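Order-wise, the sequence lines are chains E and P. Just so we're aligned: the first sequence equals residues 1490 to 1722 in the numbering used here. Just so we're aligned: the second sequence equals residues 25 to 316 in the numbering used here. For every residue, glycine included, the Cβ atom is placed at its ideal position computed from N, Cα and C. Only a predicted model underlies this, so the values are computations on that prediction, with no experimental measurement involved. Structure first, then comments.
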Amino acid sequence: MEWSALVNMYGVYKAYPGNVEALRGVNLNIDKGDFVFIVGPSGSGKSTLLSMIYRGTVPTRGHVLVSGRNIARLRWREVPMLRRRIGVIFQDYKLLLDRSVYENVSFALEVIEASPKEIEKKVPQALSMVGLAHKASAMPGELAGGEQQRVAIARAIVNDPLILVADEPTGNLDPDTALDIMDLLCDINLRGTTVVMATHNQVIVDMMRKRVVQLERGMVVRDERWGAYCYEA
Amino acid sequence: MKLRTVRLLSGQAVRSLKKTPSVTSIIVVMACMIVLSSFMLVAVNLTHIGSQFQADVQIRAFLVPDLSPDVADRARAAIQGIPGVASVAFVGKDEALQRLGKQLGQDSFFLGDLPRNPLPESFDISLIRADVADEVAAATSEVDGIHDVRYAPKLVDRLVGVLRILWGITGAIAVLVLVGASLIVSNTIKLTVFARRKEIEIMKLVGATDSFILFPFVLEGIIIGFLGAGAAAAIVYAGYQGVVKWISSVAPFMPVVTDTSRLGVAVVVMLCFGAVVGLIGSNISTKRYLKV
């Protein structure tokens, strides 16, 4: 077990009320700069595993270390500091529909009390990165699904996170738009941000040939460096 | 928290006040505060009247009829020496008759028809404190030349008892208002929190601190409590001025509290109470949404 990795999971169990076991003895290391697909059927524990990285939940047993800190032992006021180093995107984008594209992205900096100067510098950069600089004043409702996901990605990366956690980010998108989003995530990864992505999209996983961690019934059943969506003979 | 952030969040709180049905909460808080402050004013005034009564408690010691001046002087000196006695004043037969005439007013006409003055001479004994009345009365009755001792201990005791009950009721109302009004404010804030739950979730995910998230809601609660209490204070203050005016015209001898500085303190206490109501209410409604 390599303890110097960006994310270490060792013997992680997670049980929800009603004795539902989402994770059962997961061991996993994710290094800085990795691009990891988490695959597996619905209910296999993918989202639970991802949420442990940003401390959306804590293990019932075992240890999860992010950047060397045990997330279960973080004090309540330290949790926001951890989350400032982690970007999160979801299938449903989670955008504020009453705010413009620019405001949705600047919101992530405002809430961590960044200076106006920093906001003015970083928000256009993030929007350029996702190719939406020209739609800064548009409202989310005026955008297509892929563009809305780009806004969510811009919001997630605007604070230069160490890790980008993506929970089925292409789940609501058509195949072409999904590929555009994957190109964007690859670019972000090439710039040094670790990307951990849960997905059901076989085409994308098979095409990109990145590291694949497969979960089944809460256990890691496969961890391949250049894997495909399914076992290959 | 930076000043810029405080400005930003305060703006959010004020905008939210305009969106949610906060007027209903303000009116309910106001109604609760009017009840509470009315009880407080009654209790404050009765306490004031009570303290005046207690300060005015006097023992009257009647002398044996036709007592020689020497014996009367010795009795006076003996009473003056009793612990708890502030002063002793002699009241002659004529003065006693004059006092009775004043008390009777228009009905005093018959006093002139009396064949002789039937009232005895007496001493008016003032006390240092009202609670020594029993001891002083007992010691005075033992003094040579004293025929009878009278005072009104039961009136004082009853007044103290009534005040105790009144303050108890006021305290209970304060607790009920605190709980009830806090829940009303809490429900209003809950609407705001519910409307903004997605925003709160995103704030948590991008690393906002709890204090950053809580601030606008707490401020909104405090403003609701403050406005409710402020409106109540204005109504009660104006109403009280009217009552004071009325009492001073129908019962000018009634010692009601008119001291502006004391009433000012009462207003400040009400405003603070309202703010606490808002603070508690907003905390109740936001805590569970922070557990993301």
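Following the continuous alpha helix (DSSP H) through residue i, name the residue where it begins and the one where it ends.
| i | result |
| --- | --- |
| A1615 (chain E) | 1605-1618 |
| E1713 (chain E) | Segment 1708-1713 is the beta strand (DSSP E) holding E1713 (chain E); no alpha helix (DSSP H) there. |
| V284 (chain P) | As written in the sequence, residue 284 (chain P) is Thr, which differs from the Val given in the question. Run containing T284 (chain P): 284-310, per the alpha helix (DSSP H) assignment. |
| A275 (chain P) | That residue, A275 (chain P), is in no alpha helix (DSSP H); it is neither H nor E in DSSP. |
| D1656 (chain E) | No alpha helix (DSSP H) contains D1656 (chain E), which is instead part of the beta strand (DSSP E) from 1652-1656. |
| Y1591 (chain E) | 1590-1599 |
| A318 (chain P) | The shown model of chain P, from 25 to 316, leaves out residue 318 (chain P), and the question about it has no answer. |
| A1645 (chain E) | 1634-1646 |
| M1686 (chain E) | Note, M1686 (chain E): premise wrong, no alpha helix (DSSP H); beta strand (DSSP E) at 1683-1687. |
| N1678 (chain E) | 1664-1679 |
| D94 (chain P) | 93-104 |
| V1547 (chain E) | Premise fails: V1547 (chain E) is in no alpha helix (DSSP H) and is neither H nor E. |
Note down, in chain order, every chain P residue with its Cβ under 9 Å from the Cβ of residue i.
| i | result |
| --- | --- |
| V1640 (chain E) | Under the 9 Å cutoff, chain P gives no residues; its nearest Cβ is about 12 Å from V1640 (chain E). |
| Y1543 (chain E) | L229 |
Could you check if residue i is buried or exposed, using at least 16 other CB atoms within 10 Å of its CB as the buried criterion?
| i | result |
| --- | --- |
| V1509 (chain E) | exposed |
| M1490 (chain E) | Here the model assigns M1490 (chain E) a pLDDT of 47, short of 50, so the residue's position is not dependable and the matter cannot be decided. |
| N1497 (chain E) | buried |
| R174 (chain P) | exposed |
| L41 (chain P) | buried |
| Q1703 (chain E) | buried |
| V292 (chain P) | exposed |
| T1537 (chain E) | buried |
| K269 (chain P) | exposed |
| A257 (chain P) | buried |
| C56 (chain P) | buried |
| S46 (chain P) | buried |
| R284 (chain P) | Just to set this straight, residue 284 (chain P) is Thr in the shown sequence, not Arg. That one is exposed. |
| L295 (chain P) | buried |
| M25 (chain P) | exposed |
| A218 (chain P) | At residue 218 (chain P) the sequence reads Phe, which differs from the Ala that was named. Counting Cβ neighbours within 10 Å, F218 (chain P) comes out exposed, since fewer than 16 surround it. |
| E225 (chain P) | exposed |
| Q127 (chain P) | exposed |
Along chain P, which residues have their Cβ under 7 Å away from the Cβ of residue i?
| i | result |
| --- | --- |
| R1572 (chain E) | L229, V230, G231 |
| V1577 (chain E) | L229 |
Using a cut-off of 8 Å between C-beta atoms, extract the partners of residue i located in chain E.
| i | result |
| --- | --- |
| K26 (chain P) | E1602 |
| K222 (chain P) | K1583, L1585 |
| L32 (chain P) | E1599 |
Would you report the Cα separation of residue i and residue j, rounded to the nearest angstrom?
| i | j | result |
| --- | --- | --- |
| L1539 (chain E) | E1567 (chain E) | 19 Å |
| M1708 (chain E) | A1622 (chain E) | 42 Å |
| L5 (chain P) | A176 (chain P) | A query on residue 5 (chain P) cannot be resolved here, the shown segment of chain P reaching from 25 to 316 and no further. |
| T1682 (chain E) | M1671 (chain E) | 14 Å |
| G169 (chain P) | D158 (chain P) | 19 Å |
| E1705 (chain E) | A1504 (chain E) | 15 Å |
| R84 (chain P) | I149 (chain P) | 6 Å |
| A37 (chain P) | L1616 (chain E) | 29 Å |
| G105 (chain P) | L87 (chain P) | 17 Å |
| G1635 (chain E) | R1680 (chain E) | 21 Å |
| V274 (chain P) | G266 (chain P) | 12 Å |
| S34 (chain P) | L60 (chain P) | 29 Å |
| V1694 (chain E) | K43 (chain P) | 46 Å |
| M278 (chain P) | L70 (chain P) | 10 Å |
| R1714 (chain E) | R1700 (chain E) | 4 Å |
| I103 (chain P) | G125 (chain P) | 28 Å |
| G1551 (chain E) | N1516 (chain E) | 9 Å |
Could you check where the beta strand (DSSP E) with residue i kicks off and where it finishes?
| i | result |
| --- | --- |
| S150 (chain P) | 146-151 |
| K1503 (chain E) | 1496-1505 |
| S111 (chain P) | 109-115 |
| R1550 (chain E) | 1550-1555 |
| E1510 (chain E) | 1509-1519 |
| Q82 (chain P) | 82-87 |
Anything in chain E within Cβ reach of residue i, meaning under 7 Å, just list it in chain order.
| i | result |
| --- | --- |
| T29 (chain P) | E1602 |
| I308 (chain P) | Under the 7 Å cutoff, chain E gives no residues; its nearest Cβ is about 19 Å from I308 (chain P). |
Kindly examine the ligand ATP and report whether one of its heavy atoms sits closer than 7 Å to the Cβ of residue i.
| i | result |
| --- | --- |
| T216 (chain P) | Ligands in the displayed structure: none, and consequently the ligand ATP is not present. |
Which residues of chain E have a Cβ atom closer than 9 Å to the Cβ of residue i, listed in chain order?
| i | result |
| --- | --- |
| F236 (chain P) | P1569, V1600, I1601, E1602 |
How would you list, in chain order, the residues of chain P whose beta-carbon sits under 8 Å from the beta-carbon of residue i?
| i | result |
| --- | --- |
| Y1499 (chain E) | Residues of chain P passing the Cβ test: none, with the nearest at roughly 25 Å. |
| R1566 (chain E) | T233, D234 |
Would you be able to state if there are at least three C-beta pairs under 8 Å between the stretch 1570-1582 of chain E and the stretch 1544-1561 of chain E?
-> Because the criterion of three Cβ pairs below 8 Å is met, the stretch 1544-1561 of chain E and the stretch 1570-1582 of chain E touch.
Contact the stretch 1607-1617 of chain E vs the stretch 255-264 of chain P: 3+ CB pairs below 8 Å | No, because fewer than three Cβ pairs between the stretch 1607-1617 of chain E and the stretch 255-264 of chain P fall closer than 8 Å, the two stretches do not touch.
Three or more C-beta pairs closer than 8 Å, one from the stretch 135-149 of chain P and one from the stretch 114-125 of chain P: is that the case here?
-> Contact between the stretch 135-149 of chain P and the stretch 114-125 of chain P is present, with at least three C-beta pairs closer than 8 Å.
Should the stretch 1635-1642 of chain E be regarded as contacting the stretch 1519-1533 of chain E, the criterion being three or more beta carbon pairs within less than 8 Å?
-> Not touching, per the Cβ criterion.
Examine the Cβ distances between the stretch 188-200 of chain P and the stretch 61-75 of chain P and report whether three or more of them are shorter than 8 Å.
-> Judged by pairs of C-beta atoms under 8 Å, the stretch 188-200 of chain P touches the stretch 61-75 of chain P, as three or more such pairs exist.
Is it true that the stretch 1592-1601 of chain E meets the stretch 1655-1672 of chain E, where meeting means three or more beta-carbon pairs spaced less than 8 Å apart?
-> Cβ pair count under 8 Å is below three, so no.
Does the stretch 205-215 of chain P touch the stretch 236-256 of chain P, meaning 3 or more C-beta pairs lie closer than 8 Å?
-> Contact between the stretch 236-256 of chain P and the stretch 205-215 of chain P is present: 3 or more CB-CB pairs across the two stretches fall below 8 Å.
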